[in-house]
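Which chain is which? The protein sequence lines are A and B, in order.
All the letters of the first sequence, read from the start, carry residue numbers 1 to 182 under UniProt numbering.
All the letters of the second sequence, read from the start, carry residue numbers 1 to 182 under UniProt numbering.
Protein chains: 2
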Amino acid sequence: MVNKVEYPVDQVRHWLEPGPVVLLSSHWQGEHNIMTLGWHTILAFSPSLVGCMIDAGNHSYEMIRQSGECVINLPTVDMAETVAGIGNCDGDDLDKFSRFNLTPEASQRVAAPGIAECHASFECRLHDDALASRYNFLIFEVVHARVKPEPAWPQTLHYAGEGVFRTDGEVLDVSHLFTKVS
Amino acid sequence: MVNKVEYPVDQVRHWLEPGPVVLLSSHWQGEHNIMTLGWHTILAFSPSLVGCMIDAGNHSYEMIRQSGECVINLPTVDMAETVAGIGNCDGDDLDKFSRFNLTPEASQRVAAPGIAECHASFECRLHDDALASRYNFLIFEVVHARVKPEPAWPQTLHYAGEGVFRTDGEVLDVSHLFTKVS
Numbered sequence: 001m002v003n004k005v006e007y008p009v010d011q012v013r014h015w016l017e018p019g020p021v022v023l024l025s026s027h028w029q030g031e032h033n034i035m036t037l038g039w040h041t042i043l044a045f046s047p048s049l050v051g052c053m054i055d056a057g058n059h060s061y062e063m064i065r066q067s068g069e070c071v072i073n074l075p076t077v078d079m080a081e082t083v084a085g086i087g088n089c090d091g092d093d094l095d096k097f098s099r100f101n102l103t104p105e106a107s108q109r110v111a112a113p114g115i116a117e118c119h120a121s122f123e124c125r126l127h128d129d130a131l132a133s134r135y136n137f138l139i140f141e142v143v144h145a146r147v148k149p150e151p152a153w154p155q156t157l158h159y160a161g162e163g164v165f166r167t168d169g170e171v172l173d174v175s176h177l178f179t180k181v182s
Numbered sequence: 001m002v003n004k005v006e007y008p009v010d011q012v013r014h015w016l017e018p019g020p021v022v023l024l025s026s027h028w029q030g031e032h033n034i035m036t037l038g039w040h041t042i043l044a045f046s047p048s049l050v051g052c053m054i055d056a057g058n059h060s061y062e063m064i065r066q067s068g069e070c071v072i073n074l075p076t077v078d079m080a081e082t083v084a085g086i087g088n089c090d091g092d093d094l095d096k097f098s099r100f101n102l103t104p105e106a107s108q109r110v111a112a113p114g115i116a117e118c119h120a121s122f123e124c125r126l127h128d129d130a131l132a133s134r135y136n137f138l139i140f141e142v143v144h145a146r147v148k149p150e151p152a153w154p155q156t157l158h159y160a161g162e163g164v165f166r167t168d169g170e171v172l173d174v175s176h177l178f179t180k181v182s
């Protein structure tokens, strides 16, 4: 067994961040925007709550706080360059939908559009901003969800820092070991 | 392009939870414990902050709140059955280290032991419990980190609900597209 060696605490994200990278789309005062986000967690099933750490330096941050809405879109591996590109330009300069040839898709419950090319779109309303000032951590309720019925297991992107994504691999069913609610 | 169809909002975790599943080890009043956790997010680089939603029904919850400490351990795909097993039994009944043949590993900065078999161990101190009562959301500071130097890209586990994990796949370098801090 290989032994662990000391590791810089400020790079722990390389190991823990890899939830699927998502694209947040927003709408405020006639303007659309999209940002790339890797720092989020599920917080509850019902209501369906997702916490997102959205750096206040993003143009999207104020649009989302002012409108109290966004759409969390799930990009797939074929969109890796688009995801990286969106994360490396500023929405106050350009329309990211047209710059990256993405199709805005009307939402059911919020004004912010979804992104048609993404595998899933989760419409969100701001639920709790108690930790907004301390950590830029916003808690959203998913109020409507749409997912492409195929493929059942798309390859999503997991950011590991330094410009590197990891994609999804094999599916492993260990449900025979589950006795609790899964 | 396949169109999205409506999806139950309380199952959104299937798509967004897949950060790497981790094992939280804890120590309180002479007792060790381990729990499986899938709901966490990086919140800041420095200090190195990680937010974890720890269901208060877990025996570990009170041990971690009382001691103000835990270790976040990163299991790999060969540990899938152990990870599922730990998540499906109760630490008030048994010693999970001995039940699952795991090796407690002395930590540098906290009393809680790491798990030698895991790829990485991140020693944590409770940093902020402002959202503990509302969401069981605890924010930890990683105060010491140790990682096995190889393999560089271990296959971790990403929980998708219903007893199914997904493992990590290919590594995709798009760093040529990064102009911002990455």
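Ideal placement from N, C-alpha and C gives every residue a C-beta, glycine not left out.
Computed from a prediction, not measured in an experiment: that's the story for all the values here.
- With respect to chain A, the C-beta atom of tyrosine 7 of chain B has a partner C-beta closer than 8 Å.
- Annotated as distal: asparagine 3 of chain B and lysine 96 of chain A, with beta-carbon spacing of 8 Å or more.
- C-alpha of glycine 114 of chain B to C-alpha of phenylalanine 100 of chain B: approximately 14 Å in a straight line.
- Looking at the backbone, the Cα of alanine 84 of chain B and that of arginine 13 of chain B are separated by about 17 Å.
- Annotation: Cβ neighbours of serine 121 of chain A in chain B (cutoff 8 Å, chain order): Lys4.
- Around isoleucine 86 of chain B, the same chain offers Leu23, Ile34, Met35, Thr36, Lys96, Phe100 as residues with beta carbons nearer than 8 Å, after the five sequence neighbours per side are excluded.
- Secondary structure at isoleucine 54 of chain A: coil, using DSSP grouped into helix, strand and coil.
- A distance below 8 Å separates the beta carbons of glycine 51 of chain B and histidine 40 of chain B.
- Using a Cβ-Cβ cut-off of 7 Å, valine 174 of chain B is close to Ala80, Glu81, Ala84, Gly163, Phe165 of chain A, given in chain order.
- Per the C-alpha coordinates, the member of A:Trp15, A:Val142, A:Pro154 positioned closest to alanine 120 of chain B is A:Trp15.
- Identification of chain B residues near alanine 116 of chain A by a Cβ-Cβ cut-off of 9 Å yields Met1, Asn3, Lys4, ordered along the chain.
- In the DSSP assignment, proline 104 of chain A forms a beta bridge with A:Ile115.
- Taking a contact as a CB-CB distance under 8 Å, the pair histidine 27 of chain B and alanine 111 of chain B counts as one, their CB atoms being some 5 Å apart.
- A contact is defined here as three or more CB-CB pairs under 8 Å, and the stretch 168–176 of chain A meets this definition with respect to the stretch 145–159 of chain A.
- In the DSSP assignment, glutamate 62 of chain B falls within the alpha helix (DSSP H) that extends over 59–67.
- In this structure, histidine 144 of chain A places its C-beta atom within 8 Å of the C-beta atom of glutamate 123 of chain A.
- The alpha-carbon of tyrosine 159 of chain B is positioned some 11 Å away from that of valine 77 of chain B.
- Annotated three-state conformation of methionine 1 of chain A is coil, per DSSP.
- In this structure valine 142 of chain A is in contact with serine 48 of chain A, their Cβ atoms being roughly 4 Å apart against a cut-off of 8 Å.
- Sixteen is the threshold: since fewer than 16 other Cβ atoms of the shown chains lie within 10 Å of the Cβ of serine 46 of chain B, the residue is exposed.
- Taken atom to atom, the span from the alpha-carbon of aspartate 92 of chain B to that of serine 133 of chain A is near 38 Å.
- DSSP lists A:His158 as the bridge partner or partners of proline 20 of chain A.
- At least 8 Å separates the beta-carbon of glycine 30 of chain B from that of glutamate 17 of chain B.
- Cβ-Cβ separation between valine 21 of chain B and proline 75 of chain B: approximately 7 Å, consistent with a contact (criterion under 8 Å).
- Between arginine 146 of chain B and isoleucine 72 of chain B, the alpha-carbon positions lie close to 11 Å from each other.
- For glycine 169 of chain B, a Cβ of chain A is located within less than 8 Å of the residue's own Cβ.
- At a Cβ-Cβ threshold of 8 Å, glycine 163 of chain A and leucine 177 of chain B count as neighbours.
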